[in-house]
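Residue 35 is where the sequence shown starts when you use the numbering used here, and the numbers rise one by one after that.
C-beta: ideal position from N, C-alpha, C; glycine also.
Note that this is a predicted model, so its numbers are computed, not measured.
Down below is the structure, laid out as structure tokens.
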Amino acid sequence: MKITKICCIGAGYVGGPTMAVIAKKNPNIQVTIVDINQERIDAWNTEDLSKLPIYEPGLAEIVGETRNKNLFFSTDINKAIDESEMIFISVNTPTKTYGKGKGMAADLKYVELCARNIADVAKTDKIVVEKSTLPVRTAEAIKSILHNTGNNVKFSILSNPEFLAEGTAIKDLLAPDRVLIGGESKDAIEALANIYGSWVPQEQILRTNVWSSELSKLTANAFLAQRISSINAISELCEHTEANVNEVARAIGMDSRIGPKFLNASIGFGGSCFQKDILNLVYIARSYGLNEVADYWEQVIVLNDHQKRRFSDKLISTLYNTVSGKKIALLGWAFKKDTNDTRESAAIYVTDHLLSEQANIAVYDPKVPSSKVYDDLNYLQTRTEEENNSLVETFDNPYDAINDAHAIAIMTEWDEFKTYDWTKIFDIMKKPAFIFDGRNILNKEEMSQIGFEYSSIGK
Ligand code: UDX
Ligand code: ADP
Numbered sequence: 035m036k037i038t039k040i041c042c043i044g045a046g047y048v049g050g051p052t053m054a055v056i057a058k059k060n061p062n063i064q065v066t067i068v069d070i071n072q073e074r075i076d077a078w079n080t081e082d083l084s085k086l087p088i089y090e091p092g093l094a095e096i097v098g099e100t101r102n103k104n105l106f107f108s109t110d111i112n113k114a115i116d117e118s119e120m121i122f123i124s125v126n127t128p129t130k131t132y133g134k135g136k137g138m139a140a141d142l143k144y145v146e147l148c149a150r151n152i153a154d155v156a157k158t159d160k161i162v163v164e165k166s167t168l169p170v171r172t173a174e175a176i177k178s179i180l181h182n183t184g185n186n187v188k189f190s191i192l193s194n195p196e197f198l199a200e201g202t203a204i205k206d207l208l209a210p211d212r213v214l215i216g217g218e219s220k221d222a223i224e225a226l227a228n229i230y231g232s233w234v235p236q237e238q239i240l241r242t243n244v245w246s247s248e249l250s251k252l253t254a255n256a257f258l259a260q261r262i263s264s265i266n267a268i269s270e271l272c273e274h275t276e277a278n279v280n281e282v283a284r285a286i287g288m289d290s291r292i293g294p295k296f297l298n299a300s301i302g303f304g305g306s307c308f309q310k311d312i313l314n315l316v317y318i319a320r321s322y323g324l325n326e327v328a329d330y331w332e333q334v335i336v337l338n339d340h341q342k343r344r345f346s347d348k349l350i351s352t353l354y355n356t357v358s359g360k361k362i363a364l365l366g367w368a369f370k371k372d373t374n375d376t377r378e379s380a381a382i383y384v385t386d387h388l389l390s391e392q393a394n395i396a397v398y399d400p401k402v403p404s405s406k407v408y409d410d411l412n413y414l415q416t417r418t419e420e421e422n423n424s425l426v427e428t429f430d431n432p433y434d435a436i437n438d439a440h441a442i443a444i445m446t447e448w449d450e451f452k453t454y455d456w457t458k459i460f461d462i463m464k465k466p467a468f469i470f471d472g473r474n475i476l477n478k479e480e481m482s483q484i485g486f487e488y489s490s491i492g493k
């Protein structure tokens, strides 16, 4: 099966970078990314590559190389579906906020809308690839929608979960540990394997059945998140003993069976995937009556929520049990460095708690726009938008955010935070000047020497 035209529905954090790399590595294939959001598509088409809607190191260069050659961004979804032999579904699948499965199950309405759109438009055979993270057996639902169109078009459905991490998306796409393709049709699987084969060695392209592929994605994220909750659980124990969580992580990480990655104690994991995928796993397990399995994985989330909460609790108790009317400067709002994505960022929940204690919050993040900070807080509906507006201020410059603050809370591990003039920062803060390092990026001795009251995670 020769693929000449690909369409990707959803121009987000997954669709954008993935298609940009596929286009770069397959100059003979025309790749069109479509989205219902006109503003987002306009931003992808903007002349100024520093204004793309997604910040990812290396992405702007690849878009600059391929855009309007074999990579196109459009809102004409029907045209792109009609022309393509292969269609990726890469739309968002947030946790449901209503009805059955509220707060647990994935909301598949956007995926279903895509499937119905494809079913309506397709006049020729198509390979449909699910790229969004989906609960197990979603491909079955897509298949059922597509196969009941009555227009005699043949659809092959593949599951091809994305393992890229934000902030390193381009690096992960260019040199993936593996590519996973689940499906029934051998021809369809090989057609997709050929596209990846332009740059990924064949032995790293795994072929499985659809359900194994879907479940592998949820399981990979659950295992990764579990490591973070495990080390975060130990971090609390370290704070009550003489142990240092960095030393513990190093010691256990040198055991080749454990390995050194994903052992950084932190303020708690965020991002669009970990919590959502574990909740999905828990929901699916419970729906099969597997309560022990569900409880086991649910604890990863319980511990993560606890980690975020105990960070803000500690900040409040250290500031003499009150933050009311005090300025707290937050460094970082993104859920990790090198991305402008803020979904499920710990900063949102820490701020929400501090605002309930009547703190004044000053936010600086090198890549997150001010409007996103307010949107994230308003979305929680803990207080009115007016109250959020009056208690929270955002800054383009870290020194202005920190000026006159009682405390600094480091939320994101941006590299630039390490290079600030911390002596100058000490001088412009109220005394005692507190730092709560939620990412363990600063040096305790140096900070104490300058005069800060410095506390970090797990030490
Ligand atoms: C994750 C998976 O890594 C990726 O394979 C999948 O495709 C999508 O979900 P992502 O959420 O983009 O990727 O970033 P990741 O690097 O996994 O970080 C997730 C969260 O965990 C961040 O908030 C990060 O700061 C935190 N984290 C990560 C830690 O707290 N400690 C660590 O050691 C590693
Ligand atoms: P992800 O991190 O999974 O890429 P994003 O929210 O960044 O998630 O991107 C998903 C994109 O999918 C959004 O830009 C959204 O507008 C788009 N989208 C959602 N539903 C549809 C649809 N039915 N047709 C086209 N685009 C859609």
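Which residue from 464, 466, 492, 452 puts its Cα closest to that of residue 480?
452
Considering only C-alpha positions, which residue in the set 213, 288, 281, 229 is nearest to residue 254?
213
Check whether the segment 185-193 and the segment 162-175 touch, using three or more Cβ-Cβ pairs below 8 Å as the test.
yes
Listed in chain order, which residues are found with a beta carbon closer than 5 Å to a heavy atom of the ligand UDX?
197, 199, 200, 262, 296, 298, 300, 303, 304, 305, 307, 369, 370
When you compare the CB positions of residue 492 and residue 380, do they come within less than 7 Å of one another, or not?
no
Rounded separation between residue 62 and residue 317 - CA only
42 Å
Does the distance from the CB of residue 314 to the CB of residue 169 come in under 7 Å?
yes
What residues match up with residue 236 in a beta bridge as DSSP calls it?
Answer is none; residue 236 lacks a bridge partner.
Helix, strand or coil, according to DSSP, for residue 60 in the structure here?
coil
Contact the segment 68-81 vs the segment 38-45: 3+ CB pairs below 8 Å
yes
If you compare alpha carbons, which of 115, 141, 119 is closest to residue 127?
141
So residue 308 is in the alpha helix (DSSP H); what residue range does that whole segment cover?
308-321
Just curious, the alpha helix (DSSP H) that residue 203 is in, first and last residue?
203-208
Which full runs of the beta strand (DSSP E) of 3+ residues lie inside the segment 42-130, going along the chain?
64-68, 105-108, 120-123
Extent of the continuous beta strand (DSSP E) run through residue 162:
160-164
Taking the Cβ atom as the reference point for each residue, do residue 342 and residue 201 lie within a distance shorter than 7 Å?
no
Could you tell me the alpha carbon to alpha carbon distance between residue 249 and residue 59, rounded to whole angstroms?
28 Å
Best match in 252, 438, 285 for proximity to residue 265 [C-alpha to C-alpha]
285
Label residue 462 either buried or exposed according to how many other C-beta atoms from any shown protein chain fall within 10 Å of its C-beta, with 16 as the threshold for buried.
exposed
Starting from residue 394 and walking both ways along the beta strand (DSSP E), at which residues does that stretch end?
394-398
Counting along the chain, where does the beta strand (DSSP E) carrying residue 361 start and finish?
361-365
Quick one: residues in its chain with C-beta nearer than 8 Å to the C-beta of residue 438, no 5 flanking neighbours on either side, listed in chain order?
361, 462, 463, 464
Distance, residue 449 Cα to residue 354 Cα
31 Å
Tell me where the alpha helix (DSSP H) around residue 191 begins and ends.
It is not in any alpha helix (DSSP H) - residue 191 instead sits in the beta strand (DSSP E) that spans 189-193.
Does residue 172 come out as helix, strand or coil in the three-state DSSP assignment?
helix
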